[in-house]
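Residue numbers (our numbering), protein chains in the order written: chain A, 1222 to 1241; chain B, 3 to 191.
Glycine is no exception: its CB is placed at the ideal position from the N, C-alpha and C atoms.
Here's the structure, in structure tokens; my notes come after.
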Amino acid sequence: SIKKRVVHLQENAKAQFEKL
Amino acid sequence: HDESMEIYYGTISVLENIYGKNSSHIKELLLINNKILSIKYKSIEARDAQLLTSIIGILSNLKYEIENDLLVSIEKSISKEIFTDFISFSKEQYSSGDLKICSVLICAALEDSLKKIADINGLNVTKKSMAEIINALKSKGIIQKNIASLLEPYTRLRNKVFHADWESFDKSEIGSLIAFTEEFVKDHF
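Here's what the structure looks like:
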């Protein structure tokens, strides 16, 4: 669902931000 | 950098799906990205981090809107505008124009509004007849039984109109359908 995609993207974005 | 770009394009794709290709939400994200690209950063990483901060904000807001059913209300208010336009144009035709145009417009507005309600409630009604859509809405409790019974004769009227069976209905039936559709849209959108 669209909510799953949003949550997944949000988590990826946070993880990527932490990495940087 | 590739991963950051993947997240960026993923976010654009989600925004497109939800708000449409030319939505202000997408324009805003493109603007943010252009702004970030125009500023000198120490490194690509620093620039990506800045972009990700904005993306996280956008996604958090999106999640909030989904969880609080705000997207549905946006969708509903847009739909209402469209249906109201259809209905008022149909009414114009009713009073001073062509009854054929008027009847086609009002039937389309009613059928489309039923499809939209089904769609908003997660029912798949592609290629379903109007009677099937009404049954689906009734069995899920989305519309009340008495409304469904009121809709039945309008389904027959719709068939006459869409089969260009102009002689088999009269102006008063279309007038009644206009009044019903107006109330129906008011109640459900």
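Compute the distance between the beta-carbons of residue i and residue j, then report whether it is under 8 Å.
{"i": "residue 132/B", "j": "residue 107/B", "result": "no"}
{"i": "residue 125/B", "j": "residue 142/B", "result": "yes"}
{"i": "residue 163/B", "j": "residue 109/B", "result": "yes"}
{"i": "residue 183/B", "j": "residue 89/B", "result": "yes"}
{"i": "residue 187/B", "j": "residue 55/B", "result": "no"}
{"i": "residue 1241/A", "j": "residue 50/B", "result": "yes"}
{"i": "residue 13/B", "j": "residue 57/B", "result": "yes"}
{"i": "residue 1237/A", "j": "residue 6/B", "result": "yes"}
{"i": "residue 1226/A", "j": "residue 16/B", "result": "yes"}
{"i": "residue 103/B", "j": "residue 95/B", "result": "yes"}
{"i": "residue 92/B", "j": "residue 111/B", "result": "yes"}
{"i": "residue 136/B", "j": "residue 150/B", "result": "yes"}
{"i": "residue 10/B", "j": "residue 36/B", "result": "no"}
What does residue i touch in chain B if you count any residue whose Cβ is under 8 Å from its own?
{"i": "residue 1224/A", "result": "65, 68 and 69"}
Residue i touches chain A at which residues, Cβ-Cβ below 7 Å?
{"i": "residue 12/B", "result": "1230"}
Going along the region 46–64 of chain B in order, which residues come within less than 8 Å of chain A, judged by CB to CB distance? Those residues of the region 46–64 of chain B that come within reach of chain A (Cβ to Cβ, closer than 8 Å) are 47, 48, 50, 51, 54, 55, 57, 58, 61, 62 and 64.
Inside the region 121–173 of chain B only - alpha helix (DSSP H) runs reaching at least 4 residues: Here the runs fully enclosed are 132–141 and 147–164.
What are the uninterrupted segments assigned as alpha helix (DSSP H) that are 4 or more residues long and contained completely in the region 7–71 of chain B, given in chain order? Complete alpha helix (DSSP H) runs here, min 4: 26–40 and 46–69.
Closer than 7 Å, Cβ to Cβ, to anything on chain A: give me those residues from the region 3–30 of chain B, in chain order. So the close ones are 5, 6, 9, 12, 13, 16, 19 and 20.
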